[in-house]
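Undergrad: Once you've had a glance at the structure underneath, I'll fire off some questions.
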Amino acid sequence: MAENKVNRNYKDTVFRMLFQDRENLLSLYNAVNGTVYEDVDGLVITTLQDAVYMNYKNDVSFVFDFTLSIYEHQSTVNQNMPLRDLIYVSKVLQGQMKDQDIYSSRQIKLPTPKFVVFYNGTDEQPEKQTLRLSDAYKKQLEEVELELTVTVYNINYGHNQKLLEACQTLKEYAQYVAAVREYVKEMPLAEAVESAVDSCIRQGILADFLRKNRAEAIEMSIFEYDEEKHLKSEREIWLAEGIASEIVSMGLECGLSKEQILHRLQTKLNISEQTAKEYFDKYSKEPVRI
1 MAENKVNRNY
11 KDTVFRMLFQ
21 DRENLLSLYN
31 AVNGTVYEDV
41 DGLVITTLQD
51 AVYMNYKNDV
61 SFVFDFTLSI
71 YEHQSTVNQN
81 MPLRDLIYVS
91 KVLQGQMKDQ
101 DIYSSRQIKL
111 PTPKFVVFYN
121 GTDEQPEKQT
131 LRLSDAYKKQ
141 LEEVELELTV
151 TVYNINYGHN
161 QKLLEACQTL
171 KEYAQYVAAV
181 REYVKEMPLA
191 EAVESAVDSC
201 IRQGILADFL
211 RKNRAEAIEM
221 SIFEYDEEKH
231 LKSEREIWLA
241 EGIASEIVSM
251 GLECGLSKEQ
261 ILHRLQTKLN
271 ISEQTAKEYF
281 DKYSKEPVRI
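Encoded structure:
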């Protein structure tokens with residue numbers, strides 16, 4: 001029998017696949033909002049089909065109890081989330097209101113939007129943080145006329161215990177991710193994911209889901225881990241480039257010799273002499289700030 005293959009144009013994530021299940025999604029809604037709803041019939045899924053972030057789909061959007069919830073799972077806290085959610089919610093509302101006359105004098109009632117990011121990357125992050133659209137404004141005003149806030153929850157296992165305990169699927173997802181990371185310390189990635197899946201099934205962690213979707217879950221997990229590692233590497237390179245540029249430009253401004261600047265580059269960035277020379281050659285050719 002041919003295995004189901006993940007669409008090559010994008011990747012789903014294990015998180016999104018789990019919470020496409022309406023029972024799981026309602027449980028997550030209850031955990032976030034402190035409610036105890038049980039009837040999933042009121043859930044109206046509004047997830048956009050063309051929303052892709054970093055080569056994979058990681059969003060879930062739905063209306064329930066007059067609330068438009070836009071949830072996203074990320075392994076990196078993205079400071080542009082308020083802007084992305086502004087664009088996202090505009091598209092969702094446009095679709096929801098397509099049969100309404102927005103030019104009518106009668107006010108159109110809208111579901112109350114709520115934006116949440118579930119973070120489980122390896123960088124240290126607080127239990128909970130708020131990202132604001134207004135923080136991106138070039139001109140800061142006392143009163144903001146357009147604001148959008150995104151709540152970011154750290155769902156790494158051991159964080160936000162109350163939230164995780166309120167949603168069993170979210171808790172088990174956090175345990176599964178933690179298991180993958182532990183096995184990766186001991187063996188190659190593909191083998192580590194296989195071992196994590198086997199271990200979780202034995203322990204009853206996402207057991208039914210992993211049995212039913214084993215091949216796809218393994219493929220998605222390998223992709224997600226590789227993508228997370230790539231993003232972290234890119235951030236580290238970007239940070240090193242910025243520091244190197246500053247060391248070289250400041251060194252030249254202060255009249256330091258090439259040898260002194262190379263020494264600072266090696267010491268500050270813990271890099272080889274060859275890499276330090278490459279940074280020096282790259283940034284010494286840039287105009288010196290006045």
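Residues in the sequence shown are numbered from 1 upward in steps of one, following the UniProt record's numbering. C-beta: ideal position from N, C-alpha, C; glycine also. Here the structure is a predicted model, which is why all the values come from computation and not from measurement.
Residues in its own chain within less than 7 Å of Val-77 by CB, not counting five upstream and five downstream?
TA: Once the five neighbours on either side are set aside, the close Cβ partners of Val-77 are Tyr-119, Gln-125, Val-152.
Undergrad: Please go through the same chain and pick out, in chain order, the residues whose beta-carbon is closer than 6 Å to the beta-carbon of Ser-284, but skip the five residues on each side of it.
TA: Counting only Cβ-Cβ distances below 6 Å, and skipping sequence neighbours, we find Val-248.
Undergrad: Mind checking Arg-202: buried by the 16 CB within 10 Å criterion, or exposed?
TA: Arg-202 comes out exposed.
Undergrad: How many angstroms separate the CA atom of Asp-85 from the CA atom of Ile-70?
TA: Computed Cα separation, rounded: 8 Å.
Undergrad: For Ser-233, which residues in the same chain have their Cβ closer than 7 Å to its Cβ, ignoring the five residues on either side in sequence?
TA: Only weak support is given to the placement of Ser-233: the predicted model assigns it a pLDDT of 49, under 50, and the value that follows is read from those uncertain coordinates. Closer than 7 Å at the Cβ level, and outside the excluded window around Ser-233, lies no residue.
Undergrad: Kindly provide the ranges of any alpha helix (DSSP H) runs that are 4 or more residues long and lie completely inside the segment 44-99, ordered along the chain.
TA: Those alpha helix (DSSP H) runs which fall completely within the segment 44-99 and span 4+ residues are 81-96.
Undergrad: For Phe-118, list the residues DSSP reports as bridge partners.
TA: BP columns for Phe-118 point to His-73, Tyr-153.
Undergrad: Does the beta-carbon of Lys-171 have 16 or more other beta-carbons within 10 angstroms, so that it is buried, or is it exposed?
TA: Answer is buried; the Cβ neighbour count reaches 16.
Undergrad: For a test of the three-state rule: what should DSSP assign to Gln-274, helix, strand or coil?
TA: Residue state, collapsed to three classes: helix.
Undergrad: Taking the straight line between their C-alpha atoms, what separation do you get for Ile-87 and Leu-133?
TA: In a straight line, the C-alpha of Ile-87 is about 12 Å away from that of Leu-133.
Undergrad: Would you report the Cα separation of Gly-255 and Leu-265, rounded to the nearest angstrom?
TA: Cα to Cα, Gly-255 sits roughly 15 Å from Leu-265.
Undergrad: Would you identify the three-state DSSP class for Leu-18, choosing helix, strand or coil?
TA: If DSSP states are grouped into helix, strand and coil, Leu-18 belongs with the helices.
Undergrad: Can you list, in chain order, the stretches of the alpha helix (DSSP H) that have 4 or more residues and sit fully within the segment 156-240?
TA: Complete alpha helix (DSSP H) runs here, min 4: 161-166, 168-184, 189-203, 207-212.
Undergrad: Quick one: is Ala-192 buried, meaning 16 or more other Cβ sit within 10 Å of its Cβ, or exposed?
TA: Per the 10 Å Cβ criterion, buried.
Undergrad: Between Ala-166 and Asn-270, how many whole angstroms is the CB-CB distance? I'm expecting something under 8 Å.
TA: That belief does not hold up - the Cβ atoms of Ala-166 and Asn-270 are roughly 43 Å apart, past 8 Å.
Undergrad: Pick from Val-92, Val-177, Glu-194: whose alpha carbon is nearest that of Leu-48?
TA: Comparing Cα-Cα distances from Leu-48 to each of Val-92, Val-177, Glu-194, the minimum goes to Val-92.
Undergrad: Here's the rule: buried if 16 or more other CB atoms are within 10 angstroms of the residue's CB, otherwise exposed. What is Pro-113?
TA: By the 10 Å Cβ count, Pro-113 comes out buried.
Undergrad: Tell me which same chain residues have a C-beta within less than 6 Å of the C-beta of Tyr-183, skipping the five on either side of it?
TA: Contacts found: Ala-192, Ser-195, Ala-196.
Undergrad: Following the continuous beta strand (DSSP E) through Thr-130, name the residue where it begins and the one where it ends.
TA: From DSSP, the beta strand (DSSP E) with Thr-130 extends over 128-132.
Undergrad: How far does the alpha helix (DSSP H) with Gln-266 in it extend, from its first residue to its last?
TA: Taken as a continuous stretch (DSSP letters only), the alpha helix (DSSP H) holding Gln-266 covers 258-269.
Undergrad: How long is the line joining the alpha carbons of Gly-95 and Val-44, rounded to whole angstroms?
TA: Taking the straight line joining both Cα atoms gives about 13 Å.
Undergrad: Would you mind working out which of Glu-186, Arg-214, Met-187 sits nearest Asp-198, comparing C-alpha positions?
TA: Residue Arg-214 is the option with its Cα nearest to Asp-198.
Undergrad: From Glu-147 to Met-81, what does the alpha carbon distance come to, in whole angstroms?
TA: If I take the Cα positions, the gap works out to 12 Å.
Undergrad: For Ala-179, I'd like the list of residues in its chain whose CB is within less than 7 Å of its CB, leaving aside the five on either flank, ordered along the chain.
TA: Same-chain partners within the cutoff: Ala-196, Ser-199, Cys-200.
Undergrad: Please return the same chain residues whose Cβ sits closer than 7 Å to the Cβ of Glu-127, not counting the five positions on each side in sequence.
TA: If we look at Glu-127 and ignore the five residues flanking it on each side, its Cβ neighbours are Asn-154, His-159, Asn-160.
Undergrad: Skipping 5 residues on each side, what residues in its chain have a beta carbon closer than 8 Å to that of Gln-20?
TA: Correct list, in chain order: Val-60.
Undergrad: Where Leu-141 and Gln-129 are concerned, what is the direct C-alpha to C-alpha distance, given to the nearest angstrom?
TA: Cα to Cα, the separation comes out at about 22 Å.
Undergrad: For Ala-83, which of Ile-108, Val-150, Tyr-103, Leu-25 has the nearest alpha-carbon?
TA: The displayed chain sequence assigns Leu, not Ala, to residue 83. Among Ile-108, Val-150, Tyr-103, Leu-25, the Cα nearest to that of Leu-83 is on Val-150.
Undergrad: Would Met-187 and Val-14 be called neighbours here (beta carbons separated by less than 8 Å)?
TA: The answer is no: Cβ separation not under 8 Å.
Undergrad: Count the other CB atoms within 10 Å of the CB of Tyr-176; is the residue buried (16 or more) or exposed (fewer)?
TA: Buried is the call here.
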